[in-house]
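Residue numbers (full-length UniProt numbering), protein chains in the order written: chain A, 1 to 367; chain B, 1 to 676.
Even glycine gets a Cβ: it sits at the ideal position worked out from N, Cα and C.
Single-structure report; data block below.
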């Protein structure tokens, strides 16, 4: 390809294409995008990927340490785990688990387990992996179990659904509020602008944790987990919209004076046409970047609220709730694997931040 | 033959301890953490009464400064002489302990237990002197005479006499503004009794019908035997005496009403009753005179709740040293039970049994050397460390109220719980799953077949029972639907964040078990005082609590039957009805409950053997009707895991764990001391 051809390509490319080219050069952002897509796939197929029923308690498998799958045995490739025998230590009263070499449990793909509803379409009991045969208490515990004997791996997978969707829902709500209020503020200016900006400042000056605590404490004790879920989403987005509103307002203010907007105005275009046809596309990429940076904040908010016992409540499963189990001293001393619920939180937050970074750079392809 | 007789005699003396262990705590015993029941000895022999007295250095200083009379003028003529458990101690030190907030009154109340009329011996069965030196019951059981200690004084130096008892009876107890519901303990066969002054240091309790039980009630943790600190705080005005010289100024009878109202307004209250309640509450008012070993110097509302020695305390050791040995008790606020456990593990407490979680035993044991404490396990005698109490008089939701009042529904819920699972997960396998009945060594226990009655895991039968109630329709997820509006039936379990840190998780596990019988449960975790307030107003659907204390049915019947309106866990409208003789509250419709009430009323007029039989009948009814759904008990889970500083001396190897032994008071903290 000659230099001119490349230049032509640049000249002819749409903005979206230019953005994509620019984004591709940000390696970390591309990897992050991949990770985030993976996370949302996990969330969508959570029950399929979960190995054990995330709600099923069984004291006879309480605090099992993480277990690994053995891939080979004397016959070659034959993934399996060993059945566990739990015996209580007479001195320390702890349950000590020892693998029983006589009870080899084959690990297979597409096994039958607990019943669930796949993508809200149909009921099934097929799971990606599982063991064949075995007793009621047997299972694969890749990340160990909690005090009630629930499989942490499965719970973490299922928690992804709540934690990630609460972020998305919260951001959508924030975005809506942010675009409307920020747009009005930037477009009309004057006292409307002043009022909205002061409201934003007041909202942002309130320390978030006490504000959440107050709002969360106001949730009636009688609400079901679903109601609490939505209420928490609203609480989180009530704070989140301010950032987005500022971004939108800033873009409106700067674009209002641009030549192409003035030209459109002089040509007699209606206000709606100017906003949606000319202005919005030119800063949509900025909004996307802002959203991807707002998402992790939402996810962390939910996790923090639930960890403090103010957000979602059991039996709902979210990362915050899983971390709540890791609050007590037995866990830190004797079951540190329960802390691993923090890993996906860190991963997804980092990924969103890198993605946002990449998007922000790419959003201005001429810059 | 001779040998055999000897061993029988030995069994009788070690009694409670060995039998209890044989039944429930084989594993505990092997750990070497359970000792023998023991305690200090009270010396009756006048010949061994010391004649020269010593006092703590901090008091001697005040005597020298002229702010306090000398020790021999502060002590009563009828001393309580205590032979310390192992050795005569030395004065000084602060007993560090944890509490979890203004709702945790019992934490301090128990340490003030020396103000109870009588107490129990170490086994919790025989009455021991305390505030009063003795009692006599007339042959017909209608008159109990109580002998006070001559020359005894309140913590401000004013003499304590029979007038204080009559004052309580006439001016507090009979004042309906202060005491809304009469104490069932102050009545025999439903007919109210009265208090009479015989002389300055003798009081008579007179009843129309025989009341052989009464002295036991004066020793137990009851409305009459609870002591001033326990029963005249938190809005109550029970117990059997009150400081007349101090409290009369807050009553309209002694002070003009206008003046009282002005005082009340000045203090931020609207009525004189509120003012009186605040002034008579030992937790809040440091001017209130007391008779206990320590008196409050910093109220419960702060970061530290501090008690300091009472210079007029009535007990001495065998060498004439005025007790207590320890100068101060300092209760430090911890945000929640988990923090109490953390601090105990860090060695921040000198003696803590309250809130210590059996589940943390492995870590407690691991850190013994590093944090310099000992760990003792004291198995309890009560059937349920955790009990689900369905509210029998729930009215906020008629459908749920009707279900909770239906014995079939309660039995169904009970049979839907896998208690073995709870025992393994939260009791380290050390408890005994079953109903609410006490250990078999308690004479009132109805027999072991009642431990499993309606209290095994039988989802099939549970489903049949729930179907029989009419809960036959289910939604797609298999949950039963309400009979009135066809919506999913949701039953709330109220769980207080107190006593056991794992109650919320236990409730969560039960909710999982109930999935199998189509019952959707919701766990509502709340702060202790909120849970109690809601219980008193019958607002909880099911409350998770303990039945600790009710191992002695008559002393503490509240967790077997709804008879105590001050502690409603299972239907307070019934309790009010019982206590007020049908004037207030609502009458039970269950014939079994009416029968149980009759039995309960009749018991006081029965002598010991007959009374014990009656108790068995009541326990059978309680299990049959599942008024309390027992989960797991007979374990050290409830205040039975003790963390004791290595420096603390005279601490029993095992103490009784019971409401009426007022754990930890059964270990007699007044004679503990710190080794230098």
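Touching or not, the stretch 664-676 of chain B and the stretch 315-324 of chain B, by the rule of three or more beta carbon pairs under 8 Å? yes
Ordered list of beta strand (DSSP E) runs contained in the stretch 32-103 of chain A, each at least 3 residues: 70-73, 76-88
Segment contact flag, the stretch 65-79 of chain B with the stretch 336-349 of chain B, C-beta cutoff 8 Å, min 3 pairs: no
Using a Cβ-Cβ cut-off of 8 Å, state whether residue 211 of chain B counts as contacting chain E. Reference to chain E is not applicable here, since the protein chains of this structure are A and B.
Please identify the residue among B/519, B/438, B/307 whose C-alpha is closest to the C-alpha of residue 404 of chain B. Within the second chain, residue 404 of chain B is the residue found at index 404, counting from 1. If we check each option's Cα against that of residue 404 of chain B, B/519 comes out closest.
Leaving aside the five residues before and after residue 442 of chain B along the sequence, list all residues of the same chain whose C-beta is less than 7 Å from its C-beta, in chain order. As a first step, residue 442 of chain B is located in the second chain; it is residue number 442 there, counting from the start. Cβ neighbours of residue 442 of chain B beyond the five flanking positions: 381, 551.
In chain order, what residues of the same chain lie with their CB nearer than 7 Å to the CB of residue 411 of chain B, ignoring the 5 residues before and after it? Position 411 of the second chain holds residue 411 of chain B. Cβ neighbours of residue 411 of chain B beyond the five flanking positions: 454, 465, 626.
Simplified DSSP state of residue 337 of chain A, which is helix, strand or coil: The residue you call residue 337 of chain A lines up with position 337 of the first chain. Here residue 337 of chain A sits in helix by DSSP.
Just to make sure I have the definition right: I need the residues of chain A whose C-beta is within less than 8 Å of the C-beta of residue 338 of chain B. Which are they? Within the second chain, numbered from 1, the residue matching residue 338 of chain B stands at position 338. By Cβ distance, chain A contributes 327, 328, 329.
Just how far apart, CA to CA, sit residue 267 of chain A and residue 186 of chain A? Residue mapping note: residue 267 of chain A aligns to position 267 of the first chain, counting from 1. Residue mapping note: residue 186 of chain A aligns to position 186 of the first chain, counting from 1. So the alpha carbons of these two residues sit roughly 22 Å apart.
Identify the continuous beta strand (DSSP E) that holds residue 544 of chain B and give its terminal residues. Here the question's residue 544 of chain B lines up with position 544 in the second chain. 542-545 is the span of the beta strand (DSSP E), which, as asked, contains residue 544 of chain B.
Contact criterion: CB-CB distance below 8 Å. Does residue 347 of chain B meet it with respect to chain A? Walking along the second chain from the start, residue 347 of chain B turns up at place 347. No, residue 347 of chain B does not count as interfacial toward chain A.
Residue of A/147, A/302, A/110 minimising C-alpha distance to residue 338 of chain A: Locating residue 338 of chain A in the first chain gives position 338, counting from the first residue. Among A/147, A/302, A/110, the Cα nearest to that of residue 338 of chain A is on A/147.
If you draw a straight line from the C-alpha of residue 300 of chain A to the C-alpha of residue 345 of chain A, how long is it? Along the first chain, one-based indexing puts residue 300 of chain A at 300. Along the first chain, one-based indexing puts residue 345 of chain A at 345. Roughly 8 Å separates the two Cα atoms.
Contact belief for residue 644 of chain B with residue 351 of chain B at Cβ below 8 Å, rounded distance in angstroms: Residue 644 of chain B sits at position 644 when you count from the first residue of the second chain. Residue 351 of chain B sits at position 351 when you count from the first residue of the second chain. The pair is a contact, with the Cβ atoms about 5 Å apart (cut-off 8 Å).
Excluding the 5 residues flanking residue 219 of chain B on each side, which residues of the same chain have their C-beta closer than 8 Å to its C-beta? Residue mapping note: residue 219 of chain B aligns to position 219 of the second chain, counting from 1. Excluding positions up to five away in sequence, the list reads 116, 117, 118, 119, 120, 127, 128, 130, 225, 555, 660.
Would you mind working out which of A/278, A/85, A/270, A/115 sits nearest residue 102 of chain A, comparing C-alpha positions? Here the question's residue 102 of chain A lines up with position 102 in the first chain. Minimum Cα distance to residue 102 of chain A is reached at A/85.
Can you tell me whether residue 587 of chain B is buried or exposed, with buried defined as 16 or more other CB within 10 angstroms of its CB? Taking the second chain and counting its residues from 1, one reaches residue 587 of chain B at position 587. Exposed, by the Cβ-count rule.
Just checking my contact of residue 83 of chain B with residue 51 of chain B at CB under 8 Å: how many whole Å lie between their CB atoms? In the second chain, residue 83 of chain B corresponds to position 83, counting from 1. In the second chain, residue 51 of chain B corresponds to position 51, counting from 1. That belief does not hold up - the Cβ atoms of residue 83 of chain B and residue 51 of chain B are roughly 16 Å apart, past 8 Å.
My understanding is that residue 150 of chain A touches residue 56 of chain A, with C-beta atoms under 8 Å, so please give their C-beta distance in whole angstroms. Taking the first chain and counting its residues from 1, one reaches residue 150 of chain A at position 150. Taking the first chain and counting its residues from 1, one reaches residue 56 of chain A at position 56. Rounded, the Cβ-Cβ distance is 7 Å, consistent with contact.
Pairing CB atoms from the stretch 621-635 of chain B with CB atoms from the stretch 556-575 of chain B, are three or more of them under 8 Å? yes
Nearest chain A C-beta to residue 8 of chain B closer than 8 Å, yes or no? Position 8 of the second chain, counted from the first residue, corresponds to residue 8 of chain B. With a pLDDT of 31 at residue 8 of chain B, under the threshold of 50, the modelled position of this residue cannot be trusted; read the value that follows with caution. It does not; no Cβ of chain A falls within 8 Å.
Could you name the residues of the same chain whose beta carbon sits closer than 8 Å to that of residue 689 of chain B, not counting the 5 residues immediately before and after it, in chain order? The first residue shown for chain B is 1 and the last is 676, placing residue 689 of chain B beyond what the model contains.
So, is the C-beta of residue 415 of chain B closer than 8 Å to a C-beta in chain A? Translated into the one-based positions of the second chain, residue 415 of chain B becomes position 415. Output row for residue 415 of chain B: interface = no.
For residue 373 of chain B, count neighbouring Cβ atoms within 10 angstroms of its own Cβ and tell me buried if that reaches 16, exposed if not. Within the second chain, the letter at position 373 stands for residue 373 of chain B. Per the 10 Å Cβ criterion, buried.
Under 8 Å between the Cβ atoms of residue 251 of chain B and residue 97 of chain B? Along the second chain, one-based indexing puts residue 251 of chain B at 251. Along the second chain, one-based indexing puts residue 97 of chain B at 97. For residue 251 of chain B and residue 97 of chain B, no; Cβs fall outside 8 Å.
Please determine, among B/490, B/501, B/502, the residue with the shortest C-alpha to C-alpha distance to residue 517 of chain B. Residue 517 of chain B sits at position 517 when you count from the first residue of the second chain. Nearest option by C-alpha distance: B/490.
CA-CA distance, residue 334 of chain A and residue 356 of chain A? The residue labelled residue 334 of chain A in the question sits at position 334 within the first chain. The residue labelled residue 356 of chain A in the question sits at position 356 within the first chain. Rounded to the nearest angstrom, the two C-alpha atoms are 38 Å apart.
Can you check which of these residues, A/33, A/70, A/127, is closest to residue 53 of chain A by C-alpha distance? Numbered from 1 along the first chain, position 53 holds the residue referred to as residue 53 of chain A. The option with the nearest alpha carbon to residue 53 of chain A is A/127.
Report the residues of the stretch 352-377 of chain B with a CB closer than 7 Å to any CB of chain A, ordered along the chain. 359, 360, 361, 362, 363, 365
Using C-beta distances below 7 Å, list every residue in its chain close to residue 446 of chain B, excluding the 5 sequence neighbours before and after it, in chain order. Stepping through the second chain from its first residue, residue 446 of chain B is reached at position 446. Once the five neighbours on either side are set aside, the close Cβ partners of residue 446 of chain B are 437, 616, 619, 620.
Considering only their Cβ atoms, is the gap separating residue 89 of chain A from residue 137 of chain A smaller than 8 Å? Your numbering for residue 137 of chain A matches position 137 in the first chain. Your numbering for residue 89 of chain A matches position 89 in the first chain. No. Outside cutoff.
I'd like to check one pair, residue 635 of chain B with residue 379 of chain B: are the Cβ atoms closer than 8 Å? Start at 1 with the first residue of the second chain, and residue 379 of chain B comes out as number 379. Start at 1 with the first residue of the second chain, and residue 635 of chain B comes out as number 635. Closer than 8 Å, so yes.
Contact list for residue 333 of chain A against chain B, beta-carbon separation under 7 Å: The sequence position of residue 333 of chain A within the first chain is 333, counting from 1. Those are 363, listed as they occur along chain B.
Could you tell me whether the Cβ of residue 341 of chain B comes closer than 8 Å to any Cβ of chain A? Here the question's residue 341 of chain B lines up with position 341 in the second chain. Judged by the 8 Å Cβ criterion, residue 341 of chain B is in contact with chain A.
Is there a C-beta anywhere in chain B that falls below 8 Å from the one on residue 72 of chain A? If you number the first chain from 1, residue 72 of chain A lands on position 72. Chain B, which has no Cβ nearer than 8 Å to the Cβ of residue 72 of chain A, makes this no.
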